[in-house]
Amino acid sequence: MSSDDSNVSGSESRSAESSSSPTCNGSSTSHTRLRSSTTSTSIPPLSNDLQETSDIKGTDPTRGESLDCEVPATSPDIRLRSLDEEQDKESENTDFTEDTRVPRRNLGYIQTTSFMLNASLGYGIFTTPGYVLALTHSKEVCLGLWAVGGVYSALAATIFLEYGTALPFNGMALIYLDEVFPRPKLLATVIFSVFWIFFGGTVTLSKTVAQSILSVANPGVPSTQLSLGQLKFTAVVVQTVVCLLLYFVRRLCFVFNSAFALYKIIFCLVIFVAGMIASRRSNSGFDDFDTQFSGYNGADSLTAMIYILLCYQGWDSANYIAGEIKDCKRTLKWSAVTAISILTCLYMLVTLAFFSVTDYVTLTNKSGQANAATQFSQKVFGSTTGMQVAIALSVFSDQVTVTYTCAKVKQAIAWQGIIPFYRFFGKTDRNLDSPGGALLLHWVFTVIPLLAVNLANDQRPFFTGIYGYGYQVMYVFLGVGLPRLQSRMRVLDTNWRPTYLRNRKLLLLLCFIFVSMNIVILVIEALPLESGTTSRFYWPIALIAIFAFGIIYWAVLRALQSDKVKDRGALSSMVGLEVNIYEEGDENMPEEMRSLMRDAARDGSRRRVQYKVTGPASRCREGYYKFQDTILQNYGY
Numbered sequence: 001m002s003s004d005d006s007n008v009s010g011s012e013s014r015s016a017e018s019s020s021s022p023t024c025n026g027s028s029t030s031h032t033r034l035r036s037s038t039t040s041t042s043i044p045p046l047s048n049d050l051q052e053t054s055d056i057k058g059t060d061p062t063r064g065e066s067l068d069c070e071v072p073a074t075s076p077d078i079r080l081r082s083l084d085e086e087q088d089k090e091s092e093n094t095d096f097t098e099d100t101r102v103p104r105r106n107l108g109y110i111q112t113t114s115f116m117l118n119a120s121l122g123y124g125i126f127t128t129p130g131y132v133l134a135l136t137h138s139k140e141v142c143l144g145l146w147a148v149g150g151v152y153s154a155l156a157a158t159i160f161l162e163y164g165t166a167l168p169f170n171g172m173a174l175i176y177l178d179e180v181f182p183r184p185k186l187l188a189t190v191i192f193s194v195f196w197i198f199f200g201g202t203v204t205l206s207k208t209v210a211q212s213i214l215s216v217a218n219p220g221v222p223s224t225q226l227s228l229g230q231l232k233f234t235a236v237v238v239q240t241v242v243c244l245l246l247y248f249v250r251r252l253c254f255v256f257n258s259a260f261a262l263y264k265i266i267f268c269l270v271i272f273v274a275g276m277i278a279s280r281r282s283n284s285g286f287d288d289f290d291t292q293f294s295g296y297n298g299a300d301s302l303t304a305m306i307y308i309l310l311c312y313q314g315w316d317s318a319n320y321i322a323g324e325i326k327d328c329k330r331t332l333k334w335s336a337v338t339a340i341s342i343l344t345c346l347y348m349l350v351t352l353a354f355f356s357v358t359d360y361v362t363l364t365n366k367s368g369q370a371n372a373a374t375q376f377s378q379k380v381f382g383s384t385t386g387m388q389v390a391i392a393l394s395v396f397s398d399q400v401t402v403t404y405t406c407a408k409v410k411q412a413i414a415w416q417g418i419i420p421f422y423r424f425f426g427k428t429d430r431n432l433d434s435p436g437g438a439l440l441l442h443w444v445f446t447v448i449p450l451l452a453v454n455l456a457n458d459q460r461p462f463f464t465g466i467y468g469y470g471y472q473v474m475y476v477f478l479g480v481g482l483p484r485l486q487s488r489m490r491v492l493d494t495n496w497r498p499t500y501l502r503n504r505k506l507l508l509l510l511c512f513i514f515v516s517m518n519i520v521i522l523v524i525e526a527l528p529l530e531s532g533t534t535s536r537f538y539w540p541i542a543l544i545a546i547f548a549f550g551i552i553y554w555a556v557l558r559a560l561q562s563d564k565v566k567d568r569g570a571l572s573s574m575v576g577l578e579v580n581i582y583e584e585g586d587e588n589m590p591e592e593m594r595s596l597m598r599d600a601a602r603d604g605s606r607r608r609v610q611y612k613v614t615g616p617a618s619r620c621r622e623g624y625y626k627f628q629d630t631i632l633q634n635y636g637y
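If you're matching positions, the sequence shown starts at 1 in full-length UniProt numbering and goes up one per residue.
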């Protein structure tokens with residue numbers, strides 16, 4: 001454990017203003033957090049502007065009684081509405097400091113839509129059409145499945161819009177899972193955090209960009225025959241460049257975000273127009289466009305549908321950074337509608353262009369399935385170099401977007417204090433306005449698998465396969481947990497209702513479809529492929545091992561927690577490490593934690609973990625400090 005993590009720093013120990021209690025003609029219980037429904041201790045108010053009281057009738061959620069009282073503006077039903085307004089105001093008037101925990105809400109409609117487009121429009125659309133056609137044996141059926149994929153993505157996005165509008169904070173599943181599965185305490189957060197830190201990287205994107213660069217530099221050499229050492233080195237360099245860009249020129253990267261989204265739209269439209277012009281030639285793909293080739297079966301079509309849905313993934317990327325979106329409820333909704341509409345149209349247009357130029361046999365042979373775009377480029381332009389460069393730029397922008405969102409989730413994990421060196425990994429640079437520690441954490445856990453895994457062994461490397469598999473498991477739990485969201489939110493506001501799925505039957509039906517589809521994806525992805533590739537059943541086995549590690553980590557934290565249980569207190573004293581888990585509304589909270597809990601309320605976690613080093617561990621820490629001072633003095637620092 002980091003020595004910095006043993007105490008609360010002075011800068012974080014700023015004193016908090018006390019809030020006045022409501023004067024009521026009945027008894028009331030203050031419900032200030034989603035996870036605790038009966039505690040009576042409230043945390044300090046969010047700002048001085050919220051100290052004024054309003055003549056609002058309160059309701060005791062535990063008794064169902066009407067309370068004839070003045071409810072402070074810091075009461076739960078008003079705090080959620082005040083949160084966005086306060087952060088929007090702060091985003092215009094304040095700058096980040098080293099200890100700022102809550103990011104500014106400065107992402108508007110264009111930026112949010114661009115995040116969704118960049119995260120989705122990467123490499124998949126340029127390779128997947130060949131695979132889908134080989135499974136469906138019909139170009140018309142294939143186009144229809146792309147349209148179905150767009151409709152399904154829109155329905156699935158509704159689930160995430162409900163989560164995003166109810167809980168507009170950075171972290172997505174980190175916050176969502178913890179709210180709908182609050183017991184056992186901290187378990188959902190720890191398991192997700194372990195999974196995300198280890199596997200929430202950009203291994204495949206780094207490999208794809210590196211592969212495109214080396215293919216352009218070595219014309220005529222198949223991607224499967226590229227030097228493995230060169231591929232790994234280039235992939236590491238690419239990921240390093242992306243992290244450095246996001247650290248030193250974060251604001252410029254946001255400009256690139258919008259520019260790359262526009263570039264991808266234009267690029268796809270150029271492919272469509274060029275394809276339509278080239279389709280006038282003889283022996284074009286239109287000759288067999290309406291032909292149903294033999295071999296069609298429903299199981300293969302379901303597999304094809306899964307390939308398509310994986311291409312659409314990315315529309316949920318804005319939920320990872322919902323805490324930075326201005327007017328989150330409205331912006332998130334219209335950005336999702338716009339992004340999914342654009343994606344559906346572009347995917348169908350690009351697929352139509354490929355099918356109109358290239359015949360069925362060429363697209364579905366062994367080399368054609370993974371090279372639909374390069375085959376198209378060769379036929380239309382007579383060269384593949386330009387297409388490879390254009391695709392590399394597309395994937396690079398995807399990598400920038402995904403790296404940023406992954407790093408922000410890891411920063412949100414560090415804010416809660418559940419990982420070692422959490423202050424460093426959760427810090428925001430005051431000058432560069434960037435999550436430097438989280439970017440370093442992301443870089444480390446992306447470079448390790450890049451160097452350790454045989455990138456040429458499979459189209460989906462082992463680490464990437466586990467990430468994709470775990471992502472689908474996360475979707476299953478989010479779908480199962482959505483019906484519980486209403487009851488959880490009504491702890492804060494008894495009048496809270498879902499924004500989009502107010503009909504209970506419709507909500508349950510949509511959740512059933514969403515969960516069922518993701519379970520099917522989990523089953524099909526685990527099926528064995530042809531010999532020579534990684535056995536897919538290792539993915540769920542490895543994922544279970546990760547979950548087990550998360551449970552062990554959680555159990556250790558809980559065992560070291562100092563509370564009224566004597567065994568725990570004795571264990572923490574024996575080890576020399578005392579863990580205190582504070583949640584909003586907890587009784588007997590130390591004064592130095594109250595300002596930190598105000599940050600916790602703003603970032604949506606409503607939790608902070610504090611560590612105290614005692615006994616032998618404390619003496620070891622003091623020895624480390626003396627050794628450090630000696631080294632620094634000898635070297636003249």
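All C-beta atoms in this analysis are idealised placements derived from N, C-alpha and C, irrespective of residue type, glycine included.
Which value, in whole angstroms, describes the spacing of the CA atoms of residue 185 and residue 589? 17 Å
Looking at residue 453 and residue 209, is the spacing between their C-beta atoms short of 8 Å? Remark: C-beta atoms of residue 209 and residue 453 do not approach each other more closely than 8 Å.
Buried or exposed (CB count within 10 angstroms, at least 16 for buried), residue 620: exposed
Express the C-alpha separation of residue 402 and residue 150 in angstroms, rounding to a whole number. 21 Å
Tell me, to the nearest whole angstrom, how far the beta carbon of residue 111 is from that of residue 257; I am working on the premise that it is less than 8 Å. Indeed, because the Cβ distance is near 6 Å, the residues count as touching under 8 Å.
Buried or exposed (CB count within 10 angstroms, at least 16 for buried), residue 574: The residue in question, residue 574, is exposed, as its Cβ has fewer than 16 Cβ neighbours within 10 Å.
Per DSSP, which residues does residue 577 bridge with? Please list them. 613
Please determine if the region 131-143 and the region 357-377 are in contact, where contact requires at least 3 C-beta pairs separated by less than 8 Å. yes
Exposure of residue 273, with buried meaning 16 or more beta-carbon neighbours within 10 Å: exposed
Decide if the region 431-449 is in contact with the region 467-476; the criterion is three or more beta carbon pairs, one per stretch, under 8 Å apart. no
Give the C-beta separation of residue 437 and residue 427 to the nearest angstrom, bearing in mind that I take them to be a contact with Cβ-Cβ under 8 Å. Yes, they are in contact, since the Cβ atoms of residue 437 and residue 427 sit about 5 Å apart, within 8 Å.
For a quick check, are the C-beta atoms of residue 165 and residue 326 less than 8 Å apart? no
Are at least three pairs of beta-carbons, each pair with one atom in the region 351-361 and one in the region 286-297, less than 8 Å apart? yes
I want to know whether the region 239-251 touches the region 380-391 - three or more CB-CB distances under 8 Å. no
Below 8 Å between beta carbons: does that hold for residue 106 and residue 412? no
For residue 484, the three-state DSSP class (helix, strand or coil): In this structure, DSSP gives residue 484 a helical state, which the three-state scheme calls helix.
Tell me the DSSP secondary structure of residue 564 in three-state form. Caution is warranted here: a pLDDT of 48 is assigned to residue 564, below 50, making its placement in the model unreliable, and the coordinate value is therefore given only provisionally. Correct three-state label for residue 564: coil.
Just list the residues that DSSP pairs residue 607 with in beta bridges. 583
Does residue 118 pass the burial test, meaning 16 or more other C-beta atoms within 10 Å, or should it be called exposed? buried
Do residue 560 and residue 579 have their CB atoms nearer than 8 Å? yes
Between which residues of its own chain and residue 109 is the CB-CB distance below 7 Å, once the five residues before and five after are set aside? 331, 334, 335, listed in sequence order.
Can you tell me which residues form a DSSP beta bridge with residue 321? Note: residue 321 sits in a beta bridge opposite 170.
Which of the three DSSP states, helix, strand or coil, is assigned to residue 40? Residue placement at residue 40 is flagged as unreliable, the pLDDT there being 37, under the threshold of 50; a coordinate-derived value is accordingly withheld.
What residue range does the alpha helix (DSSP H) around residue 348 cover? 328-357
Does the distance from the CB of residue 162 to the CB of residue 498 come in under 8 Å? Yes; because the gap between Cβ atoms is below 8 Å, this pair is in contact.
DSSP three-state call for residue 107: helix, strand or coil? strand
Tell me which residue opens and which closes the alpha helix (DSSP H) that residue 425 is part of. Residue 425 -> alpha helix (DSSP H) spans 422-425.
How would you write the range of the alpha helix (DSSP H) that residue 191 sits in, first residue to last? Counting along the chain, the alpha helix (DSSP H) containing residue 191 begins and ends at 187-199.
Straight-line CA distance for residue 271 to residue 307? 21 Å
Assign residue 279 to one of two classes, buried (16 or more other C-beta atoms within 10 Å of its C-beta) or exposed (fewer than that). With 16 or more other Cβ atoms from the protein chains shown falling within 10 Å of its own Cβ, residue 279 counts as buried.
Alpha-carbon to alpha-carbon, residue 224 and residue 212: 12 Å
Out of 601, 544, 525, state which residue places its alpha-carbon closest to the alpha-carbon of residue 300. 525
Between the region 480-489 and the region 508-521, do at least 3 Cβ pairs fall closer than 8 Å? yes
Whose C-beta lies closer than 6 Å to the C-beta of residue 406 among residues of the same chain, with five residues either side of it excluded? 200, 442
At which residues does the alpha helix (DSSP H) containing residue 312 begin and terminate? 298-312
Same chain, Cβ closer than 6 Å to residue 226, five either side skipped, listed in chain order: 214
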